[in-house]
Amino acid sequence: MGGLVRPGVWWWLAATVLAGVMSADARSQAAERAEPLKGLLVTGGCCHDYASQKRIITEGLSQRINIVWDVVHEGGTSRTHKVSIYHKPDWSAGYDVVVHNECFGGVADDAFLENIVRGHRDTGVAAVFIHCALHSYRSAPKAVEQWRELIGVSSKSHERHRSVLVKNLRPTHPVMRGFPRQWQTPNGELYKIFKVWPNCTPLAEAFGQDTQQNHTVVWVNTCGKARVFGTSLGHHNETMNNDVWLGLVARGTLWACGKLRDDGTPQPGYEGTGIRPIVLGPLRPQTDPQFRKRDGAAKPKKRN
1 MGGLVRPGVW
11 WWLAATVLAG
21 VMSADARSQA
31 AERAEPLKGL
41 LVTGGCCHDY
51 ASQKRIITEG
61 LSQRINIVWD
71 VVHEGGTSRT
81 HKVSIYHKPD
91 WSAGYDVVVH
101 NECFGGVADD
111 AFLENIVRGH
121 RDTGVAAVFI
131 HCALHSYRSA
141 PKAVEQWREL
151 IGVSSKSHER
161 HRSVLVKNLR
171 PTHPVMRGFP
181 RQWQTPNGEL
191 YKIFKVWPNC
201 TPLAEAFGQD
211 TQQNHTVVWV
221 NTCGKARVFG
231 TSLGHHNETM
241 NNDVWLGLVA
251 RGTLWACGKL
261 RDDGTPQPGY
271 EGTGIRPIVL
281 GPLRPQTDPQ
291 FRKRDGAAKP
301 KKRN
């Protein structure tokens with residue numbers, strides 16, 4: 001009799017297994033039902049290939065995280081353009097995250113800039129700042145400090161163009177999981193950081209040959225209700241259209257939205273569509289080398 005299990009115990013075991021299966025199934029269904037993050041990309045302005053970069057950012061992040069996009073790309077190559085959406089008092093309403101990849105350093109309107117800051121600081125809408133967003137709105141005499149506090153670092157100039165060696169300062173931070181100990185960027189424009197704000201946590205740095213000092217290049221920050229991720233890396237398309245850079249920014253975006261697990265992977269339901277190459281520019285057909293033009297027509301080369 002010692003090897004027999006009483007009927008009541010069988011019922012308990014069956015109920016326990018069934019509950020576990022139902023719980024796992026519920027988690028799976030919840031993951032499948034996860035609503036995509038709603039992202040806004042604001043881009044445009046001087047000095048960068050924003051037509052290509054908006055593709056790199058939106059396509060590259062969508063491959064890695066569950067997100068849908070609205071894109072505001074305007075201003076041409078102007079430094080003084082005031083982006084239309086920022087004129088609305090509740091301009092960030094309805095978005096989970098706003099990615100700032102703009103370059104409007106000549107805008108000097110304090111009230112305009114204060115409204116941008118309020119769209120994050122007072123609402124809790126997450127922010128991601130890329131490269132020239134750090135130098136944008138620096139002509140606003142008073143509000144620029146609110147902008148810099150929101151970003152987490154202050155910069156107003158950069159070193160000469162050259163590749164930089166990025167060092168991972170916090171390899172166990174969720175954003176830096178999967179980022180190498182060191183990364184040599186394909187190209188670069190290192191921003192000189194002259195202030196790191198109190199709520200900012202630097203995650204990576206690079207040594208500046210012109211200034212002979214280290215500068216923060218990746219960080220996270222909090223300001224008011226908002227969580228913020230930022231990187232000053234991203235002047236050149238070849239730096240951005242790179243799995244290291246896109247993986248970093250994807251994790252930073254998830255962190256800012258509260259959807260990144262401690263191991264650096266998306267929370268269930270927030271995975272992307274799958275990584276694949278992003279081809280920029282028109283595809284040009286290549287002439288087969290066995291053919292050459294003769295009398296205006298393509299004829300095969302003679303073979304020995």
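Under our numbering, the sequence shown has 32 at position 32, and the numbering climbs by one with no breaks. We put the beta carbon where it would ideally sit given N, CA and C, even for glycine. Quick caveat, the model's predicted, so the values are computed rather than measured.
Q: Please go through the same chain and pick out, in chain order, the residues whose beta-carbon is closer than 7 Å to the beta-carbon of Q29, but skip the five residues on each side of it.
A: Bear in mind that the predicted position of Q29 carries a pLDDT of just 48, short of 50, making it unreliable; the figure below should be weighed with that in mind. Once the five neighbours on either side are set aside, Q29 has no close Cβ partner at all.
Q: Ignore the nearest five residues each way along the sequence and tell me which others in D109's own chain have a CB closer than 7 Å to its CB.
A: K82, A140
**Q.** For M176 and L134, the rounded distance between their alpha carbons
**A.** 21 Å
Q. In chain order, what residues of the same chain lie with their CB nearer than 6 Å to the CB of A126, ignoring the 5 residues before and after it?
A. V97, R227, A256, C257
(Q) I'd like the ranges of any beta strand (DSSP E) spanning at least 3 consecutive residues and lying wholly in the stretch 117-156. (A) Listed in chain order, the complete beta strand (DSSP E) runs (minimum 3 residues) inside the stretch 117-156 are 126-130.
Q. What first and last residue would you give for the alpha helix (DSSP H) that runs through G39?
A. No alpha helix (DSSP H) contains G39, which is instead part of the beta strand (DSSP E) from 37-45.
Q) Going by alpha carbons, who is nearest to C46 out of Q63, Q213, Y191, E74? A) E74
Q) Which whole-angstrom value describes the C-beta separation of R64 and G247, a residue pair presumed to lie in contact below a C-beta threshold of 8 Å? A) In this structure, R64 and G247 form a Cβ contact; the two beta carbons are roughly 7 Å apart against a cut-off of 8 Å.
Q: Using the Cα positions of N214 and V220, report the straight-line distance between them to the nearest angstrom.
A: 17 Å
Q: Look at the alpha carbon of W183 and the alpha carbon of L165, and state the distance between them as a whole number of angstroms.
A: If you draw a straight line from the Cα of W183 to the Cα of L165, it is about 6 Å long.
**Q.** Rounded C-alpha distance that separates G224 from V117
**A.** Those two C-alpha atoms are separated by around 10 Å.
(Q) Looking at G305: is its Cβ nearer than 7 Å to the Cβ of W91? (A) Look at the range of the chain in this structure, 1 to 304, and you will see that residue 305 is not part of it.
**Q.** Inter-residue CB distance, T231 and T185 (contact presumed, cutoff 8 Å)
**A.** Rounded, the Cβ-Cβ distance is 11 Å, inconsistent with contact.
Q. If you run the structure through DSSP and keep just helix, strand and coil, what is W161?
A. The amino acid at residue 161 is misidentified as Trp; the sequence shows His. In this structure, H161 counts as coil in the three-state DSSP scheme.
Q | Where V249 sits in the DSSP three-state scheme | A | The answer is helix: DSSP assigns V249 an H, G or I state.
Q: Please name the residue in G105, V99, G152 whose C-alpha comes closest to that of W69.
A: Out of G105, V99, G152, V99 has the C-alpha closest to the C-alpha of W69.
Q.
Once DSSP output is grouped into helix, strand and coil, what is the label at R181?
A. Coil.
**Q.** 7 Å Cβ cutoff met for I193 and S157
**A.** no
Q: Starting from the Cα of S136, find the closest Cα among N101, G188, G234 and give me that residue.
A: N101
Q: Inspect the beta-carbon positions of I278 and E59 and report whether they are closer than 7 Å.
A: yes
Q) So what's A93 in DSSP terms, helix, strand or just coil? A) Correct three-state label for A93: coil.
Q. Roughly how many angstroms lie between the CA atoms of E149 and A206, to the nearest whole one?
A. 21 Å
Q. For the putative contact between L280 and R55, defined by C-beta atoms under 8 Å, what is the C-beta separation to the nearest angstrom?
A. Between R55 and L280 the Cβ distance is about 7 Å, and since that is below 8 Å, they are a contact.
Q. Are A111 and G269 close, meaning C-beta to C-beta below 7 Å?
A. When the beta-carbon positions are compared, A111 and G269 stay at least 7 Å from each other.
Q: Find out if the Cβ-Cβ distance for the pair P174, L260 is shorter than 7 Å.
A: yes
Q.
DSSP three-state label for A108, please.
A. In the three-state scheme derived from DSSP, where H, G and I count as helix and E and B as strand, A108 is classed as coil.
Q. Looking only at DSSP bridge pairs, what is H100 linked to?
A. V42, F129
Q) In whole angstroms, what separates the C-alpha of R162 from that of E189? A) R162 and E189: Cα-Cα distance of roughly 6 Å.
**Q.** Alpha-carbon spacing of V153 relative to H87, whole angstroms
**A.** Put simply, the backbone Cα of V153 is about 25 Å away from that of H87.
Q) Looking at the unbroken beta strand (DSSP E) that takes in R261, where does it start and where does it end? A) Here R261 belongs to no beta strand (DSSP E), and DSSP marks it neither H nor E.
**Q.** Residue from T77, L40, H48, G76 whose Cα sits closest to the Cα of L61
**A.** L40
Q | Where the alpha helix (DSSP H) containing K192 begins and where it ends | A | Run containing K192: none in the alpha helix (DSSP H); it sits in the beta strand (DSSP E), 191-196.
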